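The listed protein sequences correspond, in order, to chains C, W and E.
Note that the first sequence ends on residue 548 in this note's numbering; no numbers are left out.
Note that the second sequence ends on residue 356 in this note's numbering; no numbers are left out.
Note that the third sequence ends on residue 381 in this note's numbering; no numbers are left out.
All C-beta atoms, glycine included, are put in the ideal place defined by N, C-alpha and C.
Note that this is a predicted model, so its numbers are computed, not measured.
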Amino acid sequence: MMKSKAGWTHRSLMLLLMIYLLIPLIGTFMYGFAKQWQTTVLPESWTLEWVLEMFKDLRFLDALWTSFYLCAVSVALSLAVMLPAVFVITVYLPKWETFMKGVVVLPYAVPGVVAAVGLIRTYSSGPIDITGTAYILVGAYFVVILPYMYQGIRNSLLTVSAPELLNSAEMLGASRMRAFATVILPNIWPGVMISTLLSFSVLFGEFVLTNMLVGGHIQTIQVYLYQRVNESGHLASAIAVTYFLFILVLSTVLMKLGKKFNGEAGR
Amino acid sequence: MNASYLELQGIRKTFGGSIVLDNVDLSIQEGELVTLLGPSGCGKSTLLRCIAGLTEPDGGRILLGRKDIASLPPRNREVGMVFQSYALFPNLTVYGNIEYGLKMRGVDKAERQRRCEELLALVDLEEKRGAYPQQLSGGQQQRVALARSLAVQPKVLLLDEPLSALDAKIRKNLRSEIRDIQKKLNMTTIFVTHDQEEALTLSDRICIMNNGHIVQDGTPETLYSRPRTEFVARFMGSYNVLTHAEAVRLFGDDIGRAESYALRPESVRLLAGFGEHGFSESVGGRIVEGTIDSVSVLGNVIRYSVMANGVRLTIDMLNDGRTFRTETSGAVRLALNPSQLLQLEKEGA
Amino acid sequence: MKHNKRWMLLGLAPFVFMVLAFQLTPILTMLTGSVSKSGGGFTFGYYDKIFHSAFYLQAIKNSLLIAVYSSAIGLIVGLVCAYSITRFAPRIRDRLLMLSNMTSNFAGVPLAFAYIILLGNNGVFTLLFKQWGWDVFAGFNLYSWSGLVLVYVYFQVPLALLLLYPSFYGIRDQWREAAALLGARPWQFWRTVGLPMLTPAIFGTLGILFANAMGAYATAYALVGGNYNLLAIRIGSLVAGDVVNQPEMGSALAVLLALSTLLAVYLNHRMSKRSERFTASYVSGSSEKRGRGGRKRAWLAAKEEAGA
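The structure is reproduced here in structure tokens:
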């Protein structure tokens, strides 16, 4: 029936919560554009100096590019590996799903710092010495986004009822490969796209593994930010704001896509 | 007659600008079972919720046993309610659910136990006392809900479409069970439903509601045989509703000045062909010629759709083997009895 | 049929390779590393050392305490706020949830940094309070225990909120109404029906929050560096530190950390199973919605762990 409107207790509680959650964000934002900010509630004067300096800084642009590049490569690799694997398991080997769930839940349960220890122990010596290279990082990233990719692809396959689709395509005379490429892929694409973007944004914010595995050798945006924190607060603020705006845009796109996809699937 | 036990005076309620209850008056005797019958959105559930205190009316008085309860919170109203969706507490057993109200009222343990056993016996669920709601069927859950609201001995019991979520067969059984319990406890009860058959079989009195008004109230017999308005006629059964012009074509000029008329489908008799039956069968009646359009068998009744003098009529005849089918002949004679033609009042009058 | 099998193997092989190489082997190496002597052979010596070292025990204790405190505070605040959010109209509710979701992205280094700007030694608020003469905050030090708890709570609250709010929709308005008619006051309803119905969700969320805080590295690392003795930080410096590398010791500590988080995640798993059984037939009408909520729950949880 009709729901009563939220009373003033709820309103003020939510207001407090939002203030609490937003103050660090707004503070960083203002600091990035502040010229003088001491002993006043709001900055005394504003400037674009820091943002301009940031874009002039080659190391920043380098780090941004590195992050982009590494995340894109990892997500692409994950897509190439996961699409066929999840397809085979969901459609032909549903018995393996319990096993898969175990594999997929591990990255949830094992913190990044623990995963890093294992990876360093395995690859810092002996026949395969790849610590400090991009290879180990891409491998680690693959594991980090495993749950998102698996869930995303699996749910998309189930939503479009892939087994039935495949059967009907094959009955109409399409080869299995062809059926996969022409019937399954286009149908699951929107759902897969969402988990791809989500994975990308997760990797963009990754710090633990990056810092521990390749910190001294490869600088991603997070590692770069960490190093600049102790130098200039204003500059670091500008970087943090840029980073956050990027994530914001990404998650907005994500939400829009998700709404669209769910809306269509619901019909 | 003794004074009414529950009395509603001028209950008004609007939701977002639209009027849901428009000055509703209603009085109910102690021990009476009154049904609020109407289509969805007519305000019947809102009226029930106003009595329970779950919805606050914009105006009006609610007197229960001469006490105005309109300003009391639900827990102090001594009103019990059963919801369509049962609303049992899933974390409590059957026993725990029935005991709940007694516990909240601080009744001591021995007394609680005595009451619960009594009620478990009343709704015939003694062997299910330890079960959780999700382990019961819909009908059993609703019986628990009934026992739960009776446990605190409310002055009025409100039933909000309690049978709508159940299968047809369970619905009929539980219907008579509710009526038996109600009579046994002499419980003043308001029953809300949109099912006119349910209302007819269950009630001492029916109030038909439409657009926030009670449009007619009376015993099931009166409501069925003397609908006052077109809305009631259509809602109570498969009445033929005729305009003045249509009625004149069938019955002649001598029928009064009403705008519309109702004719019960079983009050018209069909006479096969010409001269098959004696004219004496419809003494005092009028004979009109017509053609049968379609026939459908509804068990013990056969329903004909007949066109006579340009008016389409629905006619019910007992399925007693003497009736005829369309294939025998499309042409038919109708015996009409003018005394069965009911004049209807204008809507809202 | 034979062709079919080969085709499936081809599809699975790269996946199996990646999981073996980057997930299972490292975990196994870590496990064996934590119990093997540097010269070869089996030993529990590292664990023995940990449990006899005041330093490592303190790290474990600090981590556990910070995880317990921040989870408990995050849970309580999240619980109250989640309830509050359900009282709003859907439009405003979605906005609020979006904002919370947005801030849950704000973790790790940028979060620590934001707090340094605001409340650090030369933070805007620190100076402001000093100027105004508010000495309530004089004892507060961002780079200590209280500062860490404050920052941890910040990323726990939105997570708790987003995990808990769907379960409030499992509490039907009609239960509340039925209880009111049976004579229960609102607090009595929550004690007897509302909270018991929420219990599985509460413990499940607690598990996720605890694991999240135990494993959090970036935030603490950026805030206090090596200056505060936390398990995750200790592991990091033992394995990839600049001073001394003691990978075996790091492995043993990592195994202990993983045990605690695995346990917490297992608790979450058990509780969500239980709540499913509890309400299975009850919310059958909204089963699809629940399914989506469950998925979101898992996704969010993973997201937090990767970020923080």
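Closer than 9 angstroms at the beta carbon, the chain E residues around residue 291 of chain C:
156, 157, 158, 160, 161
Am I right that residue 254 of chain E and residue 199 of chain W are in contact with their C-beta atoms under 8 angstroms? What's the rounded C-beta distance?
Not really, about 15 angstroms apart at Cβ, beyond 8 angstroms.
Would you call the CB atoms of residue 496 of chain C and residue 504 of chain C closer than 7 angstroms?
yes
Does DSSP classify residue 218 of chain W as helix, strand or coil?
Correct three-state label for residue 218 of chain W: coil.
With a threshold of 16 other CB atoms inside 10 Å of the CB of residue 317 of chain C, please say whether the residue is buried or exposed.
exposed
Best match in W:210, W:192, W:133, W:326 for proximity to residue 4 of chain W [C-alpha to C-alpha]:
Residue numbering for chain W in the displayed model covers 8 to 356; residue 4 of chain W lies beyond these limits and cannot be assessed.
Is there at least one Cβ from chain E nearer than 7 angstroms to residue 375 of chain C's Cβ?
Answer no: the Cβ-Cβ gap between residue 375 of chain C and chain E never drops below 7 angstroms.
Starting from residue 51 of chain W, trace the alpha helix (DSSP H) both ways and give me its first and last residue.
51-59
Between residue 208 of chain W and residue 121 of chain W, what straight-line distance do the alpha-carbon atoms span, to the nearest angstrom?
Rounded to the nearest angstrom, the two C-alpha atoms are 33 angstroms apart.
Do you know how far the Cα of residue 425 of chain C is from the Cα of residue 323 of chain E?
21 angstroms
Take the Cβ of residue 264 of chain E as the centre, count every other Cβ of all protein chains shown within 10 Å, and call the residue buried at 16 or more, exposed below.
With fewer than 16 other Cβ atoms from the protein chains shown falling within 10 Å of its own Cβ, residue 264 of chain E counts as exposed.
Cross-chain neighbours of residue 86 of chain W in chain E, by beta carbon under 7 angstroms:
254
In this structure, how does DSSP classify residue 421 of chain C when only helix, strand and coil are distinguished?
helix
At the 7 angstroms Cβ level, is residue 229 of chain E part of the contact set with chain C, yes or no?
no
Could you list which residues in chain C have their beta carbon closer than 8 angstroms to that of residue 199 of chain E, in chain order?
Within 8 angstroms Cβ-Cβ: nothing; residue 199 of chain E doesn't reach chain C, min ~10 angstroms.
Ordered along the chain, which non-local residues of its own chain (more than five positions away) have a Cβ less than 8 angstroms from that of residue 394 of chain C?
489, 493
Do we get a CB-CB distance below 7 angstroms when we pair residue 290 of chain E with the residues of chain C?
yes
Nearest-angstrom beta carbon gap, residue 245 of chain W and residue 344 of chain W [assumed within contact, 8 angstroms]:
The pair is not a contact, with the Cβ atoms about 18 angstroms apart (cut-off 8 angstroms).
What's the call for residue 318 of chain W, buried or exposed, on a 16-neighbour Cβ count within 10 Å?
buried
Option in C:540, C:529, C:294 with minimal Cα separation from residue 154 of chain E
For residue 154 of chain E, the closest alpha carbon among the candidates C:540, C:529, C:294 is that of C:294.
Curious, which full-length alpha helix (DSSP H) runs of at least 4 residues does the region 153-228 of chain W contain?
175-192, 203-209
Hey, out of E:313, E:217, E:243, whose CA is closest to residue 292 of chain E's CA?
It is E:217.
Roughly how far, in whole angstroms, is the beta-carbon of residue 152 of chain W from the beta-carbon of residue 90 of chain W, given that I think they are within contact range, below 8 angstroms?
The C-beta separation of residue 152 of chain W from residue 90 of chain W comes to about 7 angstroms, placing the pair in contact by the 8 angstroms criterion.
Count the other CB atoms, across all protein chains shown, that sit within 10 Å of the CB of residue 286 of chain W; report buried if there are 16 or more and exposed otherwise.
With a pLDDT of 46 at residue 286 of chain W, under the threshold of 50, the predicted position of this residue should be treated as unreliable, and no value is reported.
Once DSSP output is grouped into helix, strand and coil, what is the label at residue 229 of chain E?
helix
Report the residue from W:234, W:148, W:70, W:145 whose alpha carbon sits nearest the alpha carbon of residue 163 of chain W.
W:70
Roughly how many whole angstroms lie between the Cα atoms of residue 307 of chain E and residue 162 of chain E?
So the two alpha carbons sit approximately 47 angstroms from each other.
So if I threshold CB-CB distances at 9 angstroms, which residues from the region 48-63 of chain W count as touching chain E?
56, 59, 60, 61
Along chain C, in chain order, which residues have C-beta atoms closer than 7 angstroms to that of residue 149 of chain E?
Going along chain C, no residue has its Cβ under 7 angstroms from residue 149 of chain E, so there is no contact; the nearest lies around 13 angstroms.
Nearest CA to the CA of residue 280 of chain E: which residue from E:147, E:309, E:176?
E:147
Tell me, please, whether the region 402-419 of chain C touches the region 118-127 of chain E by the rule of three or more beta-carbon pairs shorter than 8 angstroms.
no
Straight-line CA distance for residue 281 of chain W to residue 212 of chain W?
In this prediction, residue 281 of chain W scores a pLDDT of 49, lower than 50, which makes its location untrustworthy; the coordinate-derived value is nonetheless stated afterwards. Their backbone Cα atoms lie some 44 angstroms apart in a straight line.
Alpha carbon of residue 470 of chain C to alpha carbon of residue 437 of chain C, nearest angstrom:
8 angstroms
For the region 324-340 of chain E against the region 383-400 of chain C, do three or more pairs of beta-carbon atoms, one drawn from each stretch, fall closer than 8 angstroms, so that the two count as touching?
yes
Let me know the secondary structure DSSP gives residue 269 of chain W once reduced to three states.
strand
In three-state terms, what does DSSP make of residue 108 of chain E?
coil
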